[in-house]
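One structure below.
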Amino acid sequence: MGLEKLKTVLKNEKTGHTLELKTPIIGASGTYGYNSEFEDFIDLNCLGAISTKGITLEKRPGNSGERLFEVKGGLINRIGLENVGIDAFIEEKLPVLTEKKIDFLLNIAGSTIEDYEKLAQIANENNIKAIEVNVSCPNVKQGCLEFGLNPNALFELTRKIRMNYDGFLVVKLSPNTQDIRALATAAEQGGADCISAINTLRGLGVKVDFVGDKFIKKTVQGGLSGSCIKPVALYMVNQIKQSVKIPVIAMGGIASLNDLFEFMAVGADAFQIGTSNFIDPKICFNLAVKLKDFMDKNNFKDFNELKGAIFE
Amino acid sequence: MTLESTKNIHKGIIKNVEKIAFNTYAIEFFSNLNRVFPGQFISIYCPNTVLRRPFSVMDFDENKNTLKIIFKLKGEGTDYLRNLKEGNNIDFLAPLGNGFNIKKQKALLVGAGVGIAPILFLRKVLNERNIENYFISGFKTEQEVIKGADKTFVGGSVLDEIENIIKENNIEIIYSCAPMIVLRKLSEIANRLSIPVQIALEKVMACSIGVCRGCIIKISKDNDIVNASVCKDGPVFLGSEVVWD
Chain A
1 MGLEKLKTVL
11 KNEKTGHTLE
21 LKTPIIGASG
31 TYGYNSEFED
41 FIDLNCLGAI
51 STKGITLEKR
61 PGNSGERLFE
71 VKGGLINRIG
81 LENVGIDAFI
91 EEKLPVLTEK
101 KIDFLLNIAG
111 STIEDYEKLA
121 QIANENNIKA
131 IEVNVSCPNV
141 KQGCLEFGLN
151 PNALFELTRK
161 IRMNYDGFLV
171 VKLSPNTQDI
181 RALATAAEQG
191 GADCISAINT
201 LRGLGVKVDF
211 VGDKFIKKTV
221 QGGLSGSCIK
231 PVALYMVNQI
241 KQSVKIPVIA
251 MGGIASLNDL
261 FEFMAVGADA
271 FQIGTSNFID
281 PKICFNLAVK
291 LKDFMDKNNF
301 KDFNELKGAI
311 FE
Chain B
1 MTLESTKNIH
11 KGIIKNVEKI
21 AFNTYAIEFF
31 SNLNRVFPGQ
41 FISIYCPNTV
51 LRRPFSVMDF
61 DENKNTLKII
71 FKLKGEGTDY
81 LRNLKEGNNI
91 DFLAPLGNGF
101 NIKKQKALLV
111 GAGVGIAPIL
121 FLRKVLNERN
131 IENYFISGFK
141 TEQEVIKGAD
151 KTFVGGSVLD
161 EIENIIKENN
171 IEIIYSCAPM
181 IVLRKLSEIA
191 NRLSIPVQIA
201 LEKVMACSIG
211 VCRGCIIKIS
221 KDNDIVNASV
231 CKDGPVFLGS
241 EVVWD
């Protein structure tokens with residue numbers, strides 16, 4: 001496809017851990033399935049990577065009731081980490097990723113430090129090159145976000161995962177915090193190789209209808225994503241970039257080439273695309289092509305040069 | 001209920017937008033889609049909404065390369081669609097989901113409201129295959145009636161005379177698309193009479209290809225209750241397998 005010049009390497013300069021990406025564009029967790037779900041639409045080998053659906057130790061049925069609520073410029077979801085569990089992932093989903101040579105980050109979530117430790121061990125045993133630690137799911141009752149909001153807890157969690165995992169360790173941060181810089185620093189000090197941000201924002205969708213002589217109310221509380229969260233994401237990525245030396249994978253409302261430039265301007269080293277995949281299932285590929293065309297036209301020899309030119 | 005099909009983003013060119021009943025519109029458009037089955041749906045990109053909007057296919061003409069959908073005016077997405085003009089382009093994902101599993105059995109077709117759309121398409125295919133069928137429809141008011149059924153109920157429930165109709169017509173199988181409450185009641189009646197019923201469900205969807213797990217229902221499978229996505233595992237399910245809330 002001629003996307004060679006989009007190749008990029010995320011590197012933790014301190015440890016030397018690296019993650020090679022064919023393009024800087026990654027399908028975000030929860031929007032790209034487990035492995036080859038988007039192959040009807042694009043050649044998955046042209047993607048930087050996919051971040052898998054969040055995987056827990058045991059399989060989870062997710063939340064009951066309404067799971068989606070559309071708002072102006074965004075989407076609220078409360079899927080609740082429905083997933084097949086790590087055993088089924090390793091047995092059924094991993095072989096497909098391997099066979100089809102799809103680069104991926106295994107997204108993991110847990111309720112306790114021990115959950116995360118076990119998941120990290122399993123990833124290690126199976127030679128999984130990169131994991132993305134979800135400490136920021138707002139849709140589950142226990143765990144997860146609790147680690148994501150307390151710098152001490154996040155440091156400890158990251159340290160324990162690091163002790164059990166030799167590959168490229170990405171920690172995905174929550175925007176539902178007063179101090180994103182402290183969290184990013186805690187993850188870096190705990191041994192993270194990279195930060196990804198942001199996960200969804202807490203939101204409440206409310207619909208009120210007046211039928212006959214009665215008000216009928218419907219509410220859905222969950223994580224808000226989509227273009228409406230982009231300014232928050234830009235702010236957070238900017239803050240994170242100022243507080244850590246490790247690379248940052250940016251996400252939050254990315255839907256266009258210009259969005260990529262905006263995130264590069266605040267220091268993004270790679271990108272994840274989430275909600276936009278639902279509108280355009282080819283977007284991860286289309287954006288890569290647009291990025292490459294821009295670079296060709298304006299004589300940028302590789303992605304690093306482009307990134308440097310925008311960020312400096 | 002697995003039917004093979006190639007999913008993709010397709011371009012459509014509007015042939016006609018027509019008001020067919022109160023607040024109800026039909027759109028016919030040209031496309032290069034070569035195959036779609038009754039019960040399958042398409043998901044149309046609406047520039048003024050975040051998510052695409054799913055619609056059951058009401059008719060498909062493989063000779064003229066036209067598709068037809070109907071919708072009730074609900075919000076910004078349907079308002080965009082209503083205002084499309086002949087020659088305008090649309091962007092849609094198709095074909096999506098699994099359609100009705102057509103059997104060579106005497107069929108009762110039950111459509112209510114705009115849920116009549118896939119049933120109209122199914123009726124056409126059953127007639128083409130010379131499969132005997134009887135078609136009933138239901139609407140809240142006279143102004144909302146969409147034509148095409150053998151018998152139409154207005155005001156009450158489409159299920160008011162269902163047991164008699166089943167007996168009088170020696171019905172062996174039922175296909176339906178209607179509001180959830182009607183489908184639930186219909187499934188209960190069909191189960192009691194030991195008649196298989198296939199129902200097309202509707203739910204708010206995000207990805208429409210089975211990835212996001214946003215449109216989940218519960219079904220019973222192998223003595224267990226499991227999640228199924230309306231967009232990919234459905235939208236057609238057996239009435240006997242759906243676990244109602």
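Protein chains in written order, with my numbering: chain A, 1 to 312; chain B, 1 to 245. Here a beta-carbon is modelled for each residue, glycine too, at the ideal position from N, C-alpha and C.
> Would a C-beta distance cut-off of 7 Å place E66 of chain A and V220 of chain A closer than the cut-off?
Replying inline: Yes.
> How far does the beta strand (DSSP E) with G222 of chain A in it reach, from first residue to last?
Replying inline: Here the beta strand (DSSP E) through G222 of chain A covers 214-225.
>> Just to confirm the assignment, what range does the alpha helix (DSSP H) spanning G190 of chain A have?
In response: Counting along the chain, the alpha helix (DSSP H) containing G190 of chain A begins and ends at 180-190.
>> Is there a C-beta anywhere in chain B that falls below 7 Å from the one on P61 of chain A?
In response: yes
> Helix or strand or just coil, what does DSSP make of I84 of chain B?
Replying inline: Here residue 84 of chain B is Leu; the residue named in the question, Ile, does not match the sequence. DSSP places L84 of chain B in coil when its eight states are reduced to three.
> Name the DSSP beta bridge partners of A309 of chain A, please?
Replying inline: The partner list for A309 of chain A (beta bridge, DSSP) is empty, contrary to what the question assumes.
>> For the stretch 34-58 of chain B, list every residue whose C-beta sits within 8 Å of some C-beta in chain A, in sequence order.
In response: Y45, T49, V50, L51, R52
>> Using the Cβ count rule (16 or more neighbours within 10 Å means buried), how would you classify N133 of chain B?
In response: With 16 or more other Cβ atoms within 10 Å, it is buried.
>> Between which two residues does the alpha helix (DSSP H) holding C284 of chain A run?
In response: It spans 283-297 - the alpha helix (DSSP H) in which C284 of chain A sits, taken as one unbroken run.
>> So, under 8 Å CB-CB, L234 of chain A and N199 of chain A are touching, yes? Tell me the CB distance rounded to an integer number of Å.
In response: Wrong, their Cβ atoms sit about 15 Å apart, outside the cutoff.
> Who are the Cβ neighbours of G190 of chain A in its own chain at under 6 Å, not counting the five residues just before and after it?
Replying inline: F155, T158, R159
>> Using 8 Å for Cβ pairs, my map puts G12 of chain B next to S43 of chain B. What's the rounded Cβ distance?
In response: Rounded, the Cβ-Cβ distance is 12 Å, inconsistent with contact.
> Going straight from the alpha carbon of L3 of chain B to that of L204 of chain A, what length do you get?
Replying inline: Summary for L3 of chain B: the model assigns pLDDT 33, below 50, so the residue's position carries little reliability; its value from the coordinates is reported in the next sentence. L3 of chain B and L204 of chain A: Cα-Cα distance of roughly 38 Å.
>> Taking only three categories from DSSP, how would you classify R78 of chain A?
In response: coil
> Using a C-beta cutoff of 7 Å, does K7 of chain B count as contacting chain A?
Replying inline: Closer than 7 Å: yes.
> Looking at the C-beta of L68 of chain A, does it have a partner C-beta in chain B at a distance below 7 Å?
Replying inline: yes
>> For a quick check, are the C-beta atoms of F121 of chain B and P38 of chain B less than 7 Å apart?
In response: yes
> Are the Cβ atoms of K22 of chain A and G48 of chain A separated by less than 7 Å?
Replying inline: yes
>> Using only CA atoms, which one of B:V243, B:A21, B:E163, B:K74 lies nearest to I181 of chain B?
In response: B:V243
>> By alpha-carbon positions, which one of B:I20, B:F71, B:I70, B:E76 ends up nearest to N72 of chain A?
In response: One detail in the question is off: residue 72 of chain A reads as Lys in this sequence, not Asn. Residue B:E76 is the option with its Cα nearest to K72 of chain A.
> Under three-state DSSP, which class holds R159 of chain A?
Replying inline: In this structure, R159 of chain A counts as helix in the three-state DSSP scheme.
> Are the C-beta atoms of E37 of chain A and some chain B residue less than 7 Å apart?
Replying inline: Closer than 7 Å to some Cβ of chain B, the Cβ of E37 of chain A qualifies, so yes.
>> Could you check whether I122 of chain A and I161 of chain A sit closer than 7 Å to each other, using their CB atoms as the reference points?
In response: no
>> Could you tell me the alpha carbon to alpha carbon distance between K93 of chain A and N107 of chain A, rounded to whole angstroms?
In response: Near 13 Å, if we compare the C-alpha coordinates of N107 of chain A and K93 of chain A.
>> Would the stretch 298-306 of chain A count as touching the stretch 1-8 of chain A if we require 3 or more Cβ pairs under 8 Å?
In response: yes
> Within this structure, are the beta carbons of L44 of chain A and I102 of chain A separated by less than 7 Å?
Replying inline: yes
> Over what stretch of residues does the beta strand (DSSP E) that includes D259 of chain A continue unbroken?
Replying inline: Premise fails: D259 of chain A lies in the alpha helix (DSSP H), 257-265, not in any beta strand (DSSP E).
>> Between A:E39, A:G54, A:T31, which has its C-alpha nearest G110 of chain A's C-alpha?
In response: A:G54
> What residues from the stretch 208-241 of chain A come within 7 Å of chain B, judged by C-beta to C-beta, listed N to C?
Replying inline: G226
>> Determine whether the beta carbon atoms of F263 of chain A and A255 of chain A lie at a separation below 7 Å.
In response: Their beta carbons are not under 7 Å apart, which means F263 of chain A does not touch A255 of chain A by this criterion.
> Should D259 of chain A be labelled buried (16 or more other beta-carbon atoms within 10 Å of its own) or exposed?
Replying inline: buried
>> Do C194 of chain A and G74 of chain A count as a contact pair if the criterion is CB distance below 7 Å?
In response: no
> On the three-pair Cβ rule with 8 Å, is the stretch 102-114 of chain B touching the stretch 170-178 of chain B?
Replying inline: In short, these stretches touch, since the Cβ pair count reaches three.
> Is the beta carbon of S229 of chain B less than 7 Å from the beta carbon of G210 of chain B?
Replying inline: yes
>> The beta strand (DSSP E) that contains L96 of chain B, what's its start and end?
In response: 89-96
> In terms of residues, what are the limits of the beta strand (DSSP E) holding Y34 of chain A?
Replying inline: Neither: Y34 of chain A is in no beta strand (DSSP E) and is coded neither H nor E.
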